[in-house]
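Engineer: I am attaching a structure below and will ask some questions about it afterwards.
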Amino acid sequence: MHSFNEINQLLTDCINLQDNLLDKLYLLANEPKTVELLKTHLTQKFDPLLLHLIKQFPEAIKISLLPEIINIMQYLDGNTKLCQEIILSINTQWLEKHIWNYITPILGQQDYQTFGILMYLFNSFSQKLSKKLANLALQSDDKDVQEIGEFYLSNNRYLLDDV
63 MHSFNEINQL
73 LTDCINLQDN
83 LLDKLYLLAN
93 EPKTVELLKT
103 HLTQKFDPLL
113 LHLIKQFPEA
123 IKISLLPEII
133 NIMQYLDGNT
143 KLCQEIILSI
153 NTQWLEKHIW
163 NYITPILGQQ
173 DYQTFGILMY
183 LFNSFSQKLS
193 KKLANLALQS
203 DDKDVQEIGE
213 FYLSNNRYLL
223 DDV
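In this text, residue positions in the sequence shown follow this note's numbering: the first is 63, and each later residue adds one.
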């Protein structure tokens with residue numbers, strides 16, 4: 063067991079580390095080459111801890127990194143939820159208007175896992191996009207993908223005519 067003073071010192075150290083991290087993130091966010099460097103690290107030298115840093119960056123940087131974040135998110139692993147959290151930290155109105163353009167490249171794969179991940183994401187912020195994805199899933203040749211669309215629409219019948 064640690065003494066009260068030792069625990070207090072650990073807490074103080076953590077606060078100082080967080081403060082130092084925020085200072086460095088601020089400096090990085092204002093450097094013109096930061097987005098380019100982050101893209102390189104997301105695509106070539108990927109370290110999952112980088113996603114925790116990206117989550118704290120300003121929205122403009124997150125939007126610039128959206129294709130890379132979506133690409134990482136589509137693989138159902140420990141990074142999927144964190145990628146979804148980063149995306150959901152972007153303004154909802156912006157997402158509703160623009161995210162479809164960013165996900166179009168991965169929709170062509172007609173993959174059950176990808177459709178499921180996107181449906182979960184869209185359900186978090188937009189019934190309109192969820193319905194659009196469900197209808198697209200119904201048109202798939204893959205029965206598993208069709209099942210995602212059927213399940214969503216059967217559980218949200220009130221949306222069939224609305225959104």
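By construction, the Cβ of each residue, glycine as well, lies at the ideal position given by its N, Cα and C atoms. Please read these numbers as outputs of a predicted model, since none were measured by experiment.
1) Between which residues of its own chain and Val225 is the CB-CB distance below 7 Å, once the five residues before and five after are set aside?
2) Less than 8 Å separating the beta-carbons of Ile210 and Met181?
3) Between the C-alpha atoms of Ile247 and Lys95, what's the straight-line distance to the nearest angstrom?
4) Report the residue from Ile123, Ile77 and His64 whose alpha carbon sits nearest the alpha carbon of Glu93.
5) Assuming contact is defined by CB atoms lying nearer than 8 Å, are Lys24 and Leu144 in contact in what I supplied?
6) Helix or strand or just coil, what does DSSP make of Ser13?
7) Assign Leu83 to one of two classes, buried (16 or more other C-beta atoms within 10 Å of its C-beta) or exposed (fewer than that).
8) Taking only beta-carbon positions, decide if Tyr164 is within less than 8 Å of chain D.
9) For Asp53, which option in Leu169, Lys159, Leu215 and Asn217 has the closest C-alpha, if you only look at C-alpha atoms?
10) Our contact map puts Glu68 next to Thr105 with C-beta atoms below 8 Å; I'd like the distance itself, whole angstroms only.
11) If you follow the alpha helix (DSSP H) that Leu150 is part of, which residue opens it and which one closes it?
12) For a quick check, are the C-beta atoms of Leu112 and His103 less than 8 Å apart?
Structural biologist: In brief:
1) Counting from 1 along the sequence shown, the entry for residue 225 is found at position 163. Annotation note: pLDDT 47 at Val225 (below 50); position unreliable, no value reported.
2) Along the sequence shown, one-based indexing puts residue 210 at 148. Along the sequence shown, one-based indexing puts residue 181 at 119. Against a cut-off of 8 Å, the Cβ pair of Met181 and Ile210 comes out as a contact.
3) Past the edges of the chain, shown from 63 to 225, lies residue 247, and the structure says nothing about it.
4) Numbered from its first residue, the sequence shown carries residue 93 at position 31. Ranking the options by Cα distance to Glu93, first place goes to Ile123.
5) Residue 24 cannot be examined here, being either before or after the span of the chain that is shown, 63 to 225.
6) Any answer about residue 13 is impossible in this case: the structure gives the chain only from 63 up to 225.
7) Against the sequence shown, residue 83 aligns to sequence position 21. Exposed: under 16 other Cβ atoms inside 10 Å.
8) This model lacks chain D altogether; it includes just one protein chain.
9) Outside the modelled stretch of the chain, which goes from 63 to 225, sits residue 53, for which no answer is possible.
10) In the sequence shown, residue 68 corresponds to position 6, counting from 1. In the sequence shown, residue 105 corresponds to position 43, counting from 1. The Cβ separation is near 42 Å, so there is no contact.
11) As a working mapping, residue 150 is identified with position 88 in the sequence shown. Thr142 to Leu150 is the extent of the alpha helix (DSSP H) around Leu150.
12) For this step, residue 112 is matched to residue 50 along the sequence shown. For this step, residue 103 is matched to residue 41 along the sequence shown. In this structure, Leu112 sits near His103, with a CB-CB distance shorter than 8 Å.
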